[in-house]
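Engineer:
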């Protein structure tokens, strides 16, 4: 029976042999409570006889169970509960800390072999120079793969290396020609997913269709959302973009997280070092091209201010378009 936190282990009886007959015959012996002395002076802790004595009988140990009795519980019912078969209340020796089974050891060896290659980089044709610079900075090589076009203009994708259980980063901007680069990215992700890659992270410095993030007129698509759905269905696990046109594009992805990185803080030292000295003491204004870029313009102005640029201001452009684009 369940025990109360305030109850103590009690001696319930002296002769409770196992009635099942399916285990080693139990040696009749008393049950000992916490702090009492067991056979041969063996100390008892927590209602169980410690196996410090090498002469202690295993069969006697199996019969030395102690049950904590709640206040008001009938001792006869507790004794009946204690006499259940050993098949139902078998004694289990706790595993030593740190011990693992053979299967677990084999799995650990396999994971160690896999972890030697933590990740791989694969690049599309949108910006090979950027992909090569990233690989050089990380100290790795770009993955050996064939990314080219057939004679009729269709994309040809083939992985030369195995990516099974490997984290793969796909570097591909969807810059002009947008549709070609976007479809190439889609096919690379599908190819990696069919090749059993562990996870796929799409690094898209320029996210195409980002400016079509809402319906300005009737019967038009929300293309940024549709591209997000397409990439998620392709099988990406994470997306990395740089300075998205608007922050709400991150909400178009429902199944994978999006990291929207900003290059403004990296641009600020270059502007302070190379551009601002040419203006000397003239006032400097950071201009946002529209209302959607105010937050980025304000962030850039604050970066320049923290770098001790004086006499700086912020301006916003009000645009009037004759039509989209």
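Residue numbers (the numbering used here): 64 to 388. Think of the CB as a built atom: it goes at the ideal place given N, C-alpha and C, for glycine as much as any other residue.
1) When you compare the segment 322–336 with the segment 284–297, are there three or more beta-carbon pairs, one atom per stretch, that lie closer than 8 Å?
2) May I have the straight-line CA-CA distance separating residue 306 from residue 323, to the nearest angstrom?
3) Compare the Cα-Cα distances from residue 302 to each of 217, 332, 268 and report the closest residue.
4) Express the C-alpha separation of residue 185 and residue 202 in angstroms, rounding to a whole number.
5) Starting from the N-terminal side, write out each stretch of the beta strand (DSSP E) that is 3 residues or longer and does not extend beyond the segment 197–251.
6) Within the same chain, show all residues whose beta-carbon is closer than 6 Å to that of residue 183, passing over the 5 residues directly before and after it, in chain order.
7) Can you pull the DSSP bridge partners for residue 301?
8) Nearest by alpha-carbon distance to residue 384: which of 299, 341, 279, 331 is it?
9) Does the pairing of the segment 332–347 with the segment 270–279 give three or more beta-carbon distances under 8 Å?
10) Going by Cα to Cα distance, which pick from 277, 320, 332 is closest to residue 308?
11) Would a C-beta distance cut-off of 8 Å place residue 287 and residue 315 closer than the cut-off?
12) For a test of the three-state rule: what should DSSP assign to residue 350, helix, strand or coil?
13) Could you tell me whether the Cβ atoms of residue 351 and residue 380 are closer together than 8 Å?
14) Rounded to the nearest angstrom, how far is the Cβ of residue 220 from that of residue 210, given a contact under 8 Å?
15) Which two residues bound the contiguous beta strand (DSSP E) that contains residue 269?
16) Tell me, which residues are paired with residue 323 by DSSP?
17) When the Cα atoms are used, what is the spatial distance from residue 353 to residue 382?
18) Can you tell me whether residue 296 is helix, strand or coil according to DSSP?
19) If we count the other Cβ atoms within 10 Å of its Cβ and call it buried at 16 or more, is residue 87 buried or exposed?
20) With DSSP run on the structure shown, which of helix, strand or coil describes residue 194?
21) From residue 225 to residue 236, what distance separates their C-alpha atoms?
22) Taking 7 Å as the limit between beta carbons, can you name the residues of its chain near residue 364, skipping five residues before and five after?
23) By the 10 Å Cβ neighbour count, where 16 or more other Cβ atoms means buried, how is residue 249 classified, buried or exposed?
24) In three-state terms, what does DSSP make of residue 287?
25) Considering only residues of the same chain and omitting the five flanking positions on each side of residue 318, which have a CB-CB separation below 6 Å?
26) Is the Cβ-Cβ distance between residue 247 and residue 336 less than 8 Å?
27) Is the distance from the Cβ of residue 339 to the Cβ of residue 372 below 8 Å?
28) What number of angstroms, rounded off, separates the C-alpha of residue 265 from the C-alpha of residue 227?
Structural biologist: On the basis of the coordinates in this document:
1) no
2) 6 Å
3) 268
4) 14 Å
5) 208–212, 218–222, 230–234
6) 206, 229, 231
7) 264
8) 279
9) no
10) 277
11) yes
12) strand
13) yes
14) 6 Å
15) Element bounds for residue 269: n/a, residue is neither H nor E.
16) 304
17) 7 Å
18) helix
19) Note that residue 87 scores 47 on pLDDT, short of 50, meaning its location in the model is unreliable and no value can be drawn from it.
20) helix
21) 24 Å
22) 349, 375, 377
23) buried
24) helix
25) 295
26) no
27) yes
28) 17 Å
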